[in-house]
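Residue numbers for the sequence shown follow the numbering used here, beginning at 80 and rising by one. All residues carry an ideal CB built from backbone N, CA and C; glycine is no exception. Only one structure is covered here, and it is reproduced in the block below.
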Amino acid sequence: MNGYEIILCFFIYGFLGWCTEVAFAAVKERRFVNRGFLNGPICPIYGVGVVMVVQLLMPYKSNLLLLYVTSVIVVTALEWLTGFALDKIFHNKWWDYSGMPLNLNGYVCLLFSLIWGIACVAIVKWIHPFIYKGVTVIPGWIRTTVDLILGIVILLDLYVTVSKILKVNKHLEKMEEIARELRRISDEIGENISKDVLGVIERREDISEEMAEKITELKQKYRELAVRNAKNMKRLMKAFPRMTPRKHEEIIEELKNYLKKK
Numbered sequence: 080m081n082g083y084e085i086i087l088c089f090f091i092y093g094f095l096g097w098c099t100e101v102a103f104a105a106v107k108e109r110r111f112v113n114r115g116f117l118n119g120p121i122c123p124i125y126g127v128g129v130v131m132v133v134q135l136l137m138p139y140k141s142n143l144l145l146l147y148v149t150s151v152i153v154v155t156a157l158e159w160l161t162g163f164a165l166d167k168i169f170h171n172k173w174w175d176y177s178g179m180p181l182n183l184n185g186y187v188c189l190l191f192s193l194i195w196g197i198a199c200v201a202i203v204k205w206i207h208p209f210i211y212k213g214v215t216v217i218p219g220w221i222r223t224t225v226d227l228i229l230g231i232v233i234l235l236d237l238y239v240t241v242s243k244i245l246k247v248n249k250h251l252e253k254m255e256e257i258a259r260e261l262r263r264i265s266d267e268i269g270e271n272i273s274k275d276v277l278g279v280i281e282r283r284e285d286i287s288e289e290m291a292e293k294i295t296e297l298k299q300k301y302r303e304l305a306v307r308n309a310k311n312m313k314r315l316m317k318a319f320p321r322m323t324p325r326k327h328e329e330i331i332e333e334l335k336n337y338l339k340k341k
């Protein structure tokens with residue numbers, strides 16, 4: 080495949096991967112859930128993974144056993160590297176196989192690796208030849224135009240998604256600071272006012288007016304940040320229900336409960 084064909088196949092397989100994830104979620108949860116990391120209908124990991132598998136493993140097409148074993152190794156390495164990178168960049172495990180037997184750091188597990196291997200064999204032997212044939216009949220100028228348009232769209236989507244996540248992380252840091260300050264005040268006045276930070280404070284006569292105003296102000300800021308984060312995180316929390324945060328676990332759990340009530 081030349082460069083333009085590879086890019087177009089990336090988008091095709093990314094879209095088909097997104098369709099697979101959405102269909103699986105629809106069967107499991109009986110409702111539509113956008114299971115992609117991005118806002119648009121594409122899962123880049125599927126696009127990258129399938130293109131890599133096809134490029135690397137097509138020479139082994141005639142040897143079924145070797146094709147399957149190599150497929151398992153390639154997709155496992157890709158899933159682990161992707162999970163590790165997302166974890167380090169965004170401080171979240173976007174999927175977590177920690178509860179599955181024979182998992183590695185929660186990023187991959189043997190069962191799903193074996194299933195991906197079967198899928199890759201089917202792609203290399205039957206699905207990709209059919210799709211590639213369709214790609215090659217498209218005139219070159221159309222392929223180039225489509226690649227350019229889709230490339231711009233996905234880069235914009237990536238920018239919006241990453242910006243939103245980084246903004247959420249900043250807001251979570253501020254919420255953590257507010258929670259710490261409320262706990263400090265709580266210790267000073269001998270009352271656990273920060274147990275439910277999103278709850279309502281009951282004014283006490285023995286709290287000074289200045290202290291009460293400060294508590295109210297901190298609570299209000301906390302609520303405002305919580306509402307903003309809940310809106311920004313709503314789609315990603317639905318898309319990755321097994322997402323495990325590395326930081327701010329208590330606050331994120333509180334936001335999850337807040338979203339459930341809403």
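When you compare the CB positions of residue i and residue j, do they come within less than 8 Å of one another, or not?
i: Phe89; j: Gly126; result: yes
i: Phe319; j: Trp173; result: yes
i: Lys140; j: Val203; result: yes
i: Met254; j: Tyr301; result: yes
i: Leu338; j: Met322; result: no
i: His170; j: Lys326; result: yes
i: Leu183; j: Trp159; result: yes
i: Leu261; j: Leu297; result: yes
Between residue i and the rest of its own chain, which residues show a CB-CB distance below 8 Å, the 5 nearest in sequence each way excluded?
i: Thr223; result: Tyr83
i: Leu181; result: Cys188, Leu189, Leu190
i: Asp226; result: Tyr83, Ile86, Leu87, Phe90
i: Ala105; result: Phe111, Val112
i: Leu157; result: Ile124, Val127, Gly128, Met131
Rounding to the nearest angstrom, what Cα-Cα distance links residue i and residue j in this structure?
i: Met80; j: Val153; result: 19 Å
i: Met179; j: Gly219; result: 46 Å
i: Asp266; j: Lys335; result: 27 Å
i: Phe116; j: Ile331; result: 18 Å
i: Ile228; j: Thr295; result: 49 Å
i: Pro120; j: Glu303; result: 30 Å
i: Trp205; j: Val132; result: 13 Å
i: Thr161; j: Ser150; result: 16 Å
i: Asn308; j: Tyr92; result: 31 Å
i: Ile210; j: Leu251; result: 44 Å
i: Arg263; j: Ile257; result: 10 Å
i: Lys310; j: Asn118; result: 14 Å
i: Val241; j: Glu289; result: 40 Å
i: Cys199; j: Lys293; result: 59 Å
i: Ile197; j: Val148; result: 9 Å
Once you ignore the five residues that flank residue i on each side, which residues in its own chain have a CB closer than 6 Å to its CB?
i: Trp195; result: Val154
i: Arg259; result: none
i: Val101; result: Arg114
i: Lys107; result: none
In the DSSP output, which residue or residues are listed as bridge partners for residue i?
i: Pro324; result: Asn171
Short of 7 Å in beta carbon distance, which residues of its chain neighbour residue i, apart from the five on each side in sequence? Order them along the chain.
i: Ser137; result: With the sequence shown as reference, residue 137 is identified as Met, and Ser is not the correct amino acid for it. Excluding positions up to five away in sequence, the list reads Val203.
Every unbroken alpha helix (DSSP H) within the region 160 to 241, with a cutoff of 4 residues, ordered by chain: At a cut-off of 4 residues, the continuous stretches assigned as alpha helix (DSSP H) that sit fully inside the region 160 to 241 are 189 to 201, 207 to 215.
Secondary structure, alpha helix (DSSP H): runs of 4+ residues fully inside the region 120 to 166: Every alpha helix (DSSP H) stretch that sits fully inside the region 120 to 166 and reaches 4 residues is listed by chain position as 123 to 136.
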